[in-house]
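The structure appears right after this line, and notes come after that.
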Amino acid sequence: MGRFHWNHLKLRDKLLLMYILCVFIPIVLTNIVFYNVTTNNIKNQKTHDADIALEKLQGELRAVIDEAAGISYLYYIDPFLNELLDRNYDSQIEYVEAFNNVRSVFNKSEQAYKTTSSTVIYTDNPTVLSSGPIMPLSDTVKESDWYRGFMKTNVSYPLFIQDNDTFSLVQRLNYVKGNGYNNLIKIDLNMTTVKQLFAISGFEGTIYFLNPEGAILYSNDNSLDWRSQASQLTALPKSGHSLFFDKVYTNNNYLNGWSLHGVINEGSFLHDVRKSGSFVIYLALINFVLPSLIIAALSRSIHVRLVKIVKHMKKVKNQHFETIPLDGSRDEIGQLTGEFNRMTERIDNLITDVYLADIQKKDLEIRQRQAQLHALHSQINPHFLFNSLETIRMRSMMKGETETAKTIHYMAKIFRKSISWKRSWVSIREEIELTECFLEIQKYRFGDKLQYQLTIEDAVYDQMIPKMTFLPFVENASIHGIESTPGIGLIQIHIGITGNKLMFRLTDNGIGMSEAKLSELLNYLRMDDSMGDNVGMKNVYTRLKLCYKDSFEFDIHSAEGHGTTVELRLPLDMNGQ
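In terms of the UniProt record's numbering, the sequence shown opens at residue 1 and continues consecutively.
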């Protein structure tokens, strides 16, 4: 290819290229830069807003938990409650009187109804009755997950845990050392308030509330089943177009290590900006299409006339010397048109006067030589070959060489049928007759070394098949399979009906083929453009593919030293004319 040059471009393309490079591309680049700057500013602002929203949720959630923890501490240091739980009562009346004296203590929980949903005090003091928020520390409670998890710790402050779908604060009531009873308080948070905090947080994404081990204990992600099974945040799929925020609780005994993790899809808050990106694209298209139409209209007067000149030049190449109708234009293209017309007329006159006569003379000489060649070729008449073979056969009969005469008769018969069949389709009967002639000729060649066996079902004799379908396979078996066999070669042919198919099976006990050679042969037959040694088999396979498409089946089975089997299965209803 030659080097690029401006003169290689069409005039209209030059005008368009000038507009694109000088006007269109600068406008588009300016819009893209403005779009990217706007996108980054909005992304930074949205990121800042999301961080503030998550920080606000962290503080509000801390306030709810702190209020519940404050109630737990009040119960923890209350001397009357501690005395009530650690005292041994001689009768139920004695306990009831003591409980009534401290009933006002439980008003602390009732005043925080928006923060807590229930407050339960558990004790294993057998003399304390179930009354109000006080419950016995039964075996069922001891078997619960939250209790066993709490008992593994030895902290004096409230422990923040999750019990089913509820967050709770659990604390031991051992401020006063009494009779050694196991007393604890469990305060359940009001989950409606917690859900409202997550719902109105202003964070435009998914929020996960994680314990210190990184397990998700609460989320507003509806697609995540965090209630029935513990899910690790690290196990969740992550998108490369998401923004991540983390707020970890510190300097708080019962919330140390707990954190809020927020995820926002970047595309959600850039949706409006991308709409403006579409507007930039539409504006760029308008800026490109309208000037292009104007440039095309202005260049039409030049372009159309130049194309007309080029079109007539191509006609001159094919010896069509037509002149261009003049439109009276006086610019450079009009002058070029006039000069082209004068040149065309001059060339036409030269060819007519000088070269055309010489061409006609040479063409006449060529026709005469072709006529002589055709006459010579016609002298070689096929009947001459038939008569010659018949003469040889008769001479063999006169000399008593009946086997030779019989073989020549088969040869003449094959030759006559191969060129006398006018149809592309023949019957099985005709094909078998031709095949037998070929096998008899081969027996004359190989003597007793070749034996063959034909098994033809009566129902198939009138079935029509493409001409010379079986003979190339028989020829290949006798020449390539039997010739190199040290013993007696046997060719078996079976033709019958199997299911709805015409079955042709040819088996020989020749030298066979290796697996690699068989694979190479099958690949050669199925390749469309190749042509190798097995031309006859390739020709048959190609013709069958043209006649039957994918309705025929072809298989070759062979093993080295154990002969070869060829199978053809053709449709019964494909009758050629």
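Built from N, CA and C at the ideal position, the CB exists for glycine as well.
DSSP on ARG346, reduced to helix/strand/coil? Sequence index remark: in the sequence shown, residue 346 carries index 346 (1-based). In this structure, ARG346 counts as helix in the three-state DSSP scheme.
Who are the near neighbours of ASN341 in its chain, counting only those whose CB is closer than 7 Å to its CB and skipping five residues on each side? The residue you call residue 341 lines up with position 341 of the sequence shown. Closer than 7 Å at the Cβ level, and outside the excluded window around ASN341, lie THR323, ILE324.
Here's the rule: buried if 16 or more other CB atoms are within 10 angstroms of the residue's CB, otherwise exposed. What is CYS437? For the purposes of this step, residue 437 is taken as residue 437 along the sequence shown, with counting starting at 1. Classification of CYS437: buried, given that the 10 Å Cβ count is 16 or more.
Just grab the DSSP bridge partners of SER551 for me. To locate residue 551, count along the sequence shown from 1; it is residue 551. None; SER551 has no bridge partner.
VAL28: first and last residue of the uninterrupted alpha helix (DSSP H) it sits in: Stepping through the sequence shown from its first residue, residue 28 is reached at position 28. Where VAL28 is concerned, the enclosing alpha helix (DSSP H) stretches over 25 to 77.
N-terminal and C-terminal residue of the beta strand (DSSP E) that LYS501 is part of: Residue mapping note: residue 501 aligns to position 501 of the sequence shown, counting from 1. LYS501 -> beta strand (DSSP E) spans 501 to 508.
From the DSSP output, in three-state form, read off TRP146 for me. Translated into positions along the sequence shown, residue 146 becomes position 146. DSSP places TRP146 in helix when its eight states are reduced to three.
Using a Cβ-Cβ cut-off of 6 Å (strictly less than) and excluding sequence neighbours within five positions of ALA53, which residues of its own chain qualify? Taking the sequence shown and counting its residues from 1, the one referred to as residue 53 is at position 53. Closer than 6 Å at Cβ, skipping near neighbours: SER201, GLY202, PHE203.
Over what stretch of residues does the alpha helix (DSSP H) that includes PHE438 continue unbroken? The residue labelled residue 438 in the question sits at position 438 within the sequence shown. Residues 428 to 446.
For PHE198, the first and last residue of its enclosing alpha helix (DSSP H): As a first step, residue 198 must be located in the sequence shown, where it is residue number 198. Residues 191 to 199.
Three-state secondary structure assigned by DSSP to ASP139: Along the sequence shown, read from residue 1 onward, the residue named residue 139 stands at position 139. Note: ASP139 maps to helix in three-state DSSP.
Selection from VAL194, ILE185, THR485, SER144 that minimises the alpha carbon distance to ALA63: Your numbering for residue 63 matches position 63 in the sequence shown. Ranking VAL194, ILE185, THR485, SER144 by CA distance to the CA of ALA63 puts VAL194 first.
Within the same chain, show all residues whose beta-carbon is closer than 7 Å to that of TYR76, passing over the 5 residues directly before and after it, in chain order. Position 76 of the sequence shown, counted from the first residue, corresponds to residue 76. Close CB contacts of TYR76 within its chain, under the 7 Å cut and outside five residues either way in sequence, are with GLN171, LEU173, TYR175 (chain order).
Could you check the C-alpha separation between ILE482 and LYS443 for me, to the nearest Å? Against the sequence shown, residue 482 aligns to sequence position 482. Against the sequence shown, residue 443 aligns to sequence position 443. Their Cα atoms are separated by approximately 11 Å.
I want to know whether the segment 445 to 452 touches the segment 486 to 504 - three or more CB-CB distances under 8 Å. These segments touch.
Got a sec? Which residues, its chain only, sit under 8 Å from GLY512 by beta carbon, not counting five neighbours each side? Here residue 512 refers to the residue found at position 512 when the sequence shown is read from its first residue. These residues qualify, in order along the chain: GLY481, SER558, ALA559, GLU560, GLY561, HIS562, GLY563, THR564.
So, is LEU9 buried or exposed, given that buried needs 16 or more other C-beta atoms within 10 angstroms? The residue labelled residue 9 in the question sits at position 9 within the sequence shown. Label assigned to LEU9: exposed.
Quick one: grab the DSSP three-state call for LYS10. Within the sequence shown, numbered from 1, the residue matching residue 10 stands at position 10. Note: LYS10 maps to coil in three-state DSSP.
On the DSSP bridge list, what partners appear for PRO571? In the sequence shown, counting from the first residue as 1, residue 571 sits at position 571. LYS501.
C-alpha gap between PHE198 and THR123, whole angstroms: Taking the sequence shown and counting its residues from 1, the one referred to as residue 198 is at position 198. Taking the sequence shown and counting its residues from 1, the one referred to as residue 123 is at position 123. Straight-line Cα distance between these residues: approximately 35 Å.
Can the beta-carbon of ILE207 be found less than 8 Å from the beta-carbon of GLY262? Along the sequence shown, one-based indexing puts residue 207 at 207. Along the sequence shown, one-based indexing puts residue 262 at 262. In contact: ILE207 and GLY262 (Cβ atoms closer than 8 Å).
Could you please give me the residues that DSSP links to PRO466 through a beta bridge? Stepping through the sequence shown from its first residue, residue 466 is reached at position 466. Beta-bridge partners of PRO466 (DSSP): TRP425.
For LEU137 and ASP188, what's the separation of their Cα atoms in angstroms? The sequence position of residue 137 within the sequence shown is 137, counting from 1. The sequence position of residue 188 within the sequence shown is 188, counting from 1. Rounded to the nearest whole angstrom, the C-alpha separation of LEU137 and ASP188 is 17 Å.
Where do the ends of the alpha helix (DSSP H) carrying ILE216 lie? Along the sequence shown, read from residue 1 onward, the residue named residue 216 stands at position 216. Element bounds for ILE216: not the alpha helix (DSSP H) but the beta strand (DSSP E), 215 to 219.
My understanding is that MET468 touches TRP425, with C-beta atoms under 8 Å, so please give their C-beta distance in whole angstroms. In the sequence shown, counting from the first residue as 1, residue 468 sits at position 468. In the sequence shown, counting from the first residue as 1, residue 425 sits at position 425. Not confirmed; about 11 Å, so no contact.
Just to confirm, is the Cβ distance from LEU572 to PHE552 under 8 Å? Mapped onto the sequence shown, residue 572 falls at position 572. Mapped onto the sequence shown, residue 552 falls at position 552. No.
In whole angstroms, give me the CA-to-CA distance for LEU15 and ASN287. In the sequence shown, the residue the question calls residue 15 occupies position 15. In the sequence shown, the residue the question calls residue 287 occupies position 287. One C-alpha to the other measures close to 15 Å.
Given PHE167 as reference, the closest of ILE309, TRP258, TYR73, ILE93 once Cα atoms are compared: Looking up residue 167 in the sequence shown gives position 167. Ranking the options by Cα distance to PHE167, first place goes to TRP258.
Beta-carbon proximity list for MET191, same chain, < 8 Å, skipping 5 on both sides: Numbered from its first residue, the sequence shown carries residue 191 at position 191. The residues are SER117, ASP165, THR166, PHE167.
Cα separation between TYR89 and VAL128? The count along the sequence shown starts at 1 and reaches residue 89 at position 89. The count along the sequence shown starts at 1 and reaches residue 128 at position 128. One C-alpha to the other measures close to 7 Å.
Distance, TRP146 Cα to LEU169 Cα: Numbered from its first residue, the sequence shown carries residue 169 at position 169. Numbered from its first residue, the sequence shown carries residue 146 at position 146. If you take the alpha carbons of LEU169 and TRP146, they lie about 10 Å apart.
Environment of SER223 [buried if 16+ CB atoms lie within 10 Å]: Taking the sequence shown and counting its residues from 1, one reaches residue 223 at position 223. Residue environment analysis places SER223 among the exposed positions, since fewer than 16 neighbouring C-beta atoms fall within 10 angstroms of its C-beta.
Just curious, the alpha helix (DSSP H) that GLY101 is in, first and last residue? The residue you call residue 101 lines up with position 101 of the sequence shown. Looking at the sequence itself, residue 101 is Asn, so the reference to Gly does not match. Unbroken alpha helix (DSSP H) run through ASN101: 92 to 101.
Which residues mark the beginning and the end of the alpha helix (DSSP H) in which ASN476 is found? Numbered from its first residue, the sequence shown carries residue 476 at position 476. Membership of ASN476 in the alpha helix (DSSP H) is indicated by the continuous run 471 to 476.
Does DSSP put GLY496 in a helix, in a strand, or in coil? As a position in the sequence shown, residue 496 is number 496, starting the count at 1. In the three-state scheme derived from DSSP, where H, G and I count as helix and E and B as strand, GLY496 is classed as strand.
Residue interval of the beta strand (DSSP E) (run including LEU210): Working through the sequence shown from its first residue, we reach residue 210 at position 210. LEU210 -> beta strand (DSSP E) spans 206 to 210.
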